[in-house]
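Enquirer: For the sequence shown, the working numbering assigns the number 21 to the initial residue and increments by one for each residue that follows. Okay, handing you the structure first.
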Amino acid sequence: MTRLVACVASVVLALGRAGCGGPAPAPGVETVRAVELPYLTMVPLQIALEEGFFADEGLDVEFIRLTRNQEIMTALASGDVDVAAGMLTVNELNLIAAGARVRMVAAMGELSPGHCTFGAFVARRELLESGALEDPARVRTLRFDIDPLLPLGYWTDELLRPLGLTAEEVEIAYVPPPATVAAMQAGSIDVTMEAEPFLSMLEATGETAVWAPVGELTPGFVITLLMYGPSLLDQRPEVGTRFAAAVLRGIEQYREGK
């Protein structure tokens with residue numbers, strides 16, 4: 021799976037409080053609203069919650085479930101939520117370029133080849149076994165389930181490069197992750213890129229197989245970023261420091277493994 025990393029910007033962890041005998045008690049309790057997504061790269065946030073790392077920092081963290089990247093970024097930029105974690109996308113870059121107070125403050129995980137597969141392009145098994153995925157003409161006719169505004173567009177270009185194709189030369193049909201399994205089984209999509217736990221759910225059907233792990237296509241790619249909005253950047257920067265310190269402890273525990 022992805023290797024989780026602790027690459028927190030010095031401006032966020034300026035106090036250097038994590039990993040030195042534990043954090044000092046934080047005065048008062050501050051509420052932080054954070055977007056939660058159902059992927060394994062978000063596990064350090066849950067570890068920080070369950071192990072009391074947020075509480076140690078004097079934080080009461082409320083997780084908010086949003087599903088679309090655009091609504092997540094809108095909520096973050098407007099201050100409706102304080103923290104989000106996810107992929108680097110066109111939406112974030114456009115918001116920042118337009119002057120929104122949204123910044124990426126930490127790299128939480130990267131794609132590491134040679135480890136177990138966290139995310140991969142998955143195809144219907146019959147396509148893999150028949151050799152259809154080695155034929156550029158056949159691949160052009162397939163329907164790919166990707167969101168080109170996410171890094172999936174870039175990964176798809178890397179996937180298709182050996183065939184002399186790009187993502188613009190195949191049919192794109194975006195299906196939300198919970199519906200991907202049913203869509204693949206129904207044959208309404210031919211190829212998808214999924215991350216855990218949805219990747220295992222697809223493989224368990226027996227009707228699909230991994231075409232290419234994304235870690236092999238783009239090794240070292242930062243898969244998950246911790247992002248702050250105006251509340252933690254401008255109004256409560258010390259709370260942002262405390263939140264990052266707790267997440268860093270969650271990452272360190274996650275990296276210990278089972």
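By construction, the Cβ of each residue, glycine as well, lies at the ideal position given by its N, Cα and C atoms. Computed from a predicted model, the values in this text were never measured in an experiment.
Report back the beta-carbon spacing between T212 and T200 to the nearest angstrom; my notes put them in contact at under 8 Å.
Expert: That belief holds up - the Cβ atoms of T212 and T200 are roughly 5 Å apart, short of 8 Å.
Enquirer: May I ask which residues mark the beginning and end of the alpha helix (DSSP H) holding P64?
Expert: Looking at the DSSP string, the run of the alpha helix (DSSP H) that includes P64 is 63-70.
Enquirer: Does the distance from the C-beta atom of M204 to that of T228 stay below 8 Å?
Expert: Against a cut-off of 8 Å, the Cβ pair of T228 and M204 comes out as a contact.
Enquirer: Taking 7 Å as the line, does the beta carbon of D155 fall inside it for any heavy atom of the ligand GTP?
Expert: This structure simply doesn't include the ligand GTP, nor any ligand for that matter.
Enquirer: Taking only runs of the alpha helix (DSSP H) that begin and end inside the region 155-233, which ones reach a length of at least 4 residues, in chain order?
Expert: Here the runs fully enclosed are 156-159, 172-180, 197-206, 218-224.
Enquirer: Please name the residue, chosen from S208, W231, A206, E149, that lies closest to E280 on a Cα-to-Cα basis.
Expert: Nothing about residue 280 can be reported from this structure: the residues present for the chain run from 21 to 278 only.
Enquirer: Leaving out five residues before and five after A95 in sequence, what residues of the same chain have Cβ atoms less than 6 Å from its Cβ?
Expert: The residues are V101.
Enquirer: Are there 16 or more other CB atoms within 10 angstroms of the CB of G41, so buried, or fewer, so exposed?
Expert: The pLDDT assigned to G41 is 40, lower than 50, so where the model puts this residue is not dependable; a value taken from the coordinates is nonetheless given after this. Burial call: exposed.
Enquirer: In or out: W175 buried (at least 16 other Cβ within 10 Å) or exposed?
Expert: When all chains shown are included, W175 counts as buried.
Enquirer: I need the straight-line Cα distance from F164 to T61, nearest angstrom please.
Expert: Roughly 24 Å between the two C-alpha positions.
Enquirer: Can you list, in chain order, the residues of its chain whose CB lies under 6 Å from that of D210, leaving out five sequence neighbours each side?
Expert: Cβ neighbours of D210 beyond the five flanking positions: R144, L162, R163.
Enquirer: Please list the segments of the alpha helix (DSSP H) lying wholly inside the region 111-163, counting only runs of 4 or more residues, in order along the chain.
Expert: Fully enclosed alpha helix (DSSP H) runs of 4 or longer: 145-150, 156-159.
Enquirer: Where R85 and I92 are concerned, what is the direct C-alpha to C-alpha distance, given to the nearest angstrom?
Expert: Taking the straight line from one Cα to the other gives about 9 Å.
Enquirer: Keeping to the same chain, check which residues put their C-beta closer than 6 Å to that of E191; ignore five residues upstream and five downstream.
Expert: R163.
Enquirer: Is it right to say R269 is buried, meaning 16 or more other beta carbons lie within 10 angstroms of its own, or is it exposed?
Expert: R269 should be labelled buried.
Enquirer: How far does the alpha helix (DSSP H) with L96 in it extend, from its first residue to its last?
Expert: Its alpha helix (DSSP H) spans residues 89-98.
Enquirer: Could you tell me the distance, in whole angstroms, from the CA atom of G235 to the CA atom of A127?
Expert: Those two C-alpha atoms are separated by around 16 Å.
Enquirer: Just checking my contact of L69 with E50 at CB under 8 Å: how many whole Å lie between their CB atoms?
Expert: At roughly 15 Å, the Cβ-Cβ gap does not stay under 8 Å, so L69 and E50 are not in contact.
Enquirer: Please state whether the Cβ-Cβ distance between V125 and A264 is less than 8 Å.
Expert: Yes, these two residues count as a Cβ contact at 8 Å.
Enquirer: Measure the C-alpha to C-alpha separation of Y57 and T87 and round it to an integer number of angstroms.
Expert: It should be pointed out that residue 57 corresponds to Leu in this sequence rather than to Tyr. Spanning the two alpha carbons is a distance of roughly 7 Å.
Enquirer: Would you call the region 134-151 and the region 111-118 in contact, with 3 or more CB pairs under 8 Å?
Expert: No contact exists between the region 134-151 and the region 111-118.
Enquirer: Taking the straight line between their C-alpha atoms, what separation do you get for F241 and E130?
Expert: Answer to the nearest angstrom: the Cα atoms are 5 Å apart.
Enquirer: Going by other Cβ atoms of all chains shown within 10 Å of its Cβ, with 16 needed for buried, is G260 buried or exposed?
Expert: Its Cβ being crowded by 16 or more others within 10 Å, G260 is buried.
Enquirer: Please report the Cβ distance between V52 and V122, rounded to the nearest whole angstrom; I am assuming they are in contact, meaning their Cβ atoms lie under 8 Å.
Expert: 16 Å between Cβ atoms; not a contact.
Enquirer: If you reduce the DSSP assignment to three classes, tell me which class D102 lands in.
Expert: D102: coil per DSSP, three-state reduction.
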